[in-house]
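For the sequence shown, the tail end lands on 649 under our numbering, and the numbers increase by one without skipping.
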Amino acid sequence: MWSLEYRLKDALEKMEEIFDPNAVIEEFEDLSINAGKVQREALKRILEENGEAEYLRRWGLDGRTDPESFIACVPLVTHKDLEPYIQRIADGETASILTAKSITTISLSSGTTQGKPKFVPFNDELMESTMQIYKTSFAFRNREYPIGNGKALQFIYSSKQFKTKGGLAAGTATTNVYRNPQFKNTMRAMQTPCCSPDEVIFGPDFHQSLYCHLLCGLIFRDEVQVVSSTFAHSIVHAFRTFEQVWEELVTDIREGSLSNRITVPSIRLAVSKLLNPDPLLANTIFDKVSGLNEWNGLIQELFPNTKYIYGIMTGSMEPYLKKLRHYAGQLPLLSADYGSSEGWVGVNVNPELPPELATFAVLPNAGYFEFIPVKDDTNCPEQERSCISSVELQPLGLTEVKVGEDYEIIVTNFAGLYRYRLGDLVKVKGFHNSTPELQFVCRRNLLLTINIDKNNEKDLQLAVEAAAKLLTEEKLEVLDFTSQVDSSTDPGHYVIFWEISGEAKDEILKECCNCLDRSFLDAGYVSSRKVNTIGALELRIVKGGTFHKVLDHFVGLGAAVSQFKTPRCVGKNNGTLLQILSINVVKNYFSTAY
């Protein structure tokens, strides 16, 4: 009897692992062809399931589930509006507050935008949409870049889960996904299980986990078909670390014993089981690395059967693409899908596009989506600009948006967020059947502004890219950067923090500072600089390793390394981060461009 039960269980597990990419693509095609109908059905399901929740009862829907009633009754909100409700859930209230079914898990945002992590409800429906996104994205990728039965070198890290006051499990969104059994089953079904054992992914010290990810990747170097992480930053960080520790890794492989830097018992035991003395592999890796020119093509040389490199590469990740391409050699960079701690929005169905041009087709059954048109006011008179941009237009439905227009995205999901302002600006680049393909533009609330000037994350990135070109003749690069508005001076001025890869001459850095100032092309900024209502831009150079300290700070707050994004604009409420940056400044320069 036991044998029969065992065989049945084994058969069921194998059935769950069957993955048919063509069937997945066909399902997505059906959803996208009928996007408008699917949207109405998604909203109806959300409201029928949660209509008796306190929050929805408050707005008097009275059982109605149509979009028109929903939009008329339920207001647009930010996280701040929902925070009291989410806090009550986290504190253990069992009543139906945001959803009919109790929320048992809380996701934490990275905390890099506001200076502290946000609590966001997480449930089985969000996990299901996560797996749907993973499978759909993989199916389209695999059609363009087919992989065999191999492994993935995934630089993923799970932060600690903890219990809230009310006993709910809380962890970063990535942690909640990685700890769910569906994640491992899905990765196995897609023939890309992780090289590293769970003890490395869930280890308490990310420095030790990173070292072991690299080591496990090298052990299985011929089987690695994909190199990936949640964000491009984590991949760049991993191979910058490799530059420092590669000889130690080679010694571990040659001798078959793990470095003394690995002190966490669970990690040490799990990785030691994979290690056997292998002088031939050690010599191969040593020769490959020794033959490189300034680490160009490192990933391709280390992992010869890799088909592509995969991770989120848009938005605040774009500044890392130049370095990632340097490491990648001829390997294609494929941008991962579009989502946030609050849930998923779209899937990359055009993986052949370079990351700078990546678009994301909205998954119509992942939630209910609205789009607020964002008016471009750059051609308006300066005195009118601020009032025009404050006028908010009526949201449009998923199938009503227009190609070429910019929108702020509004999300209603299955975990208790209703008409939630995600804070992202997107541009509609086209349609996949009847669902729009979105290009991420920037975070709406990340603005450098003093009076009538408005420079966003993308403007900052372009200015840094322009100025950083002046360093290339010195064979230097900007490793990372951020910014702030310094209002302590009169007039206030922009401050840009740079960490660079070596010592640069003062003359070069002065010109970089001037170039930064000139590269902010916003009409309000330029006119304000000319009449000195905005002061001279300041470039502050920080010590090597400063942005690693920033990373350590956020990890200490509970963020997962794989979820970390360097904050591009540091607000006054992020005092600890400003302190880290300020005490590590070694040089500063003021622009003479105006």
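Using N, Cα and C, we set each Cβ at its ideal position, and we do this for glycine too.
| message | By DSSP's criteria, W399 is part of a beta bridge. Which residues make up the other side? | response | G394
| message | Using the Cβ count rule (16 or more neighbours within 10 Å means buried), how would you classify A127? | response | exposed
| Where does S582 fall in DSSP's three states? | helix
| message | Helix, strand or coil for N643? Go by DSSP, reduced to three states. | response | strand
| said: Going by DSSP in three states, P374 sits in which element: helix, strand or coil? | reply: helix
| task | Would you be able to state if there are at least three C-beta pairs under 8 Å between the stretch 308-324 and the stretch 345-364? | result | no
| query | For Q438, does the three-state DSSP call read helix, strand or coil? | reply | A caution first: Q438 carries a pLDDT of 36, below 50, which makes its placement in the model too unreliable to give a value.
| query | For D561, which of helix, strand or coil comes out of DSSP? | reply | helix
| Test item: CB-CB of K620 and S371 under 9 Å | yes
| field | Contacting residues, own chain, Cβ-Cβ under 8 Å from S321 (five flanking each side not counted) | value | E254 and G258
| task | Starting from D479, follow its DSSP beta bridges and name the residues at the other end. | result | R498
| message | Taking 8 Å as the cut-off, does the stretch 526-538 touch the stretch 621-636 (at least 3 CB pairs, one atom from each stretch)? | response | yes
| request: State the DSSP-derived secondary structure class of P76, mapped to helix, strand or coil. | output: helix
| How would you label N196, buried or exposed, when you count the other beta carbons within 10 angstroms and need 16 or more for buried? | Looking at the sequence shown, residue 196 is not Asn but Arg. Buried: at least 16 other Cβ atoms inside 10 Å.
| Cβ pair L86, L418 closer than 9 Å | yes
| task | Taking the CB atoms as reference points, tell me whether F575 and A523 lie closer together than 9 Å. | result | no
| request: Keeping to the same chain, check which residues put their C-beta closer than 6 Å to that of A383; ignore five residues upstream and five downstream. | output: I354 and I364
| field | Alpha-carbon spacing of S251 relative to A225, whole angstroms | value | 24 Å
| Whole-angstrom Cβ separation of Y233 and A287, contact assumed at under 8 Å? | That pair is no contact at about 19 Å.
| DSSP-derived helix/strand/coil call for Q280 | strand
| task | Have a look at G485 and P491 and give me their C-alpha separation to the nearest angstrom. | result | 6 Å
| message | Report the CB separation of I39 from E463 in whole angstroms; it is logged as a contact under 8 Å. | response | Shown here, the chain extends from 56 to 649; a query on residue 39 therefore has no answer.
| Between which two residues does the alpha helix (DSSP H) harbouring S637 extend? | G630 to I638
| message | Please identify the residue among L534, K156, K565 and R499 whose C-alpha is closest to the C-alpha of D601. | response | According to the sequence displayed, residue 601 carries Thr and not Asp. Of the listed residues, the one whose Cα sits closest to T601 is L534.
| task | Have a look at the DSSP bridge pairing and note the partners of F536. | result | W553
| said: Less than 9 Å between the C-beta atoms of F83 and V404, yes or no? | reply: yes
| Do three or more CB pairs link the stretch 197-216 to the stretch 88-100 at distances below 8 Å? | no
| message | Could you check whether the stretch 267-285 touches the stretch 315-334, counting it as contact only if at least three pairs of C-beta atoms, one from each stretch, sit closer than 8 Å? | response | yes
| Got a sec, what are the start and stop residues for the alpha helix (DSSP H) E109 sits in? | E109 to R113
| query | If A416 sits next to I158, beta carbons under 8 Å apart, how far is it from one beta carbon to the other, in whole angstroms? | reply | Incorrect: roughly 29 Å between the Cβ atoms, too far for contact.
| request: Decide if E411 is buried, meaning its Cβ has at least 16 other Cβ atoms within 10 Å, or exposed. | output: exposed
| Starting from R323 and walking both ways along the alpha helix (DSSP H), at which residues does that stretch end? | P320 to S327
| query | What residue range is occupied by the uninterrupted beta strand (DSSP E) comprising A207? | reply | K206 to Q209
| query | When the Cα of L606 is compared with those of T504, M368 and L632, which residue comes out closest? | reply | L632
| Around the Cβ of K642, are there at least 16 other Cβ atoms within 10 angstroms (buried) or fewer (exposed)? | exposed
| task | Give me the Cα-Cα distance between Y140 and K560, rounded to the nearest whole angstrom. | result | 54 Å
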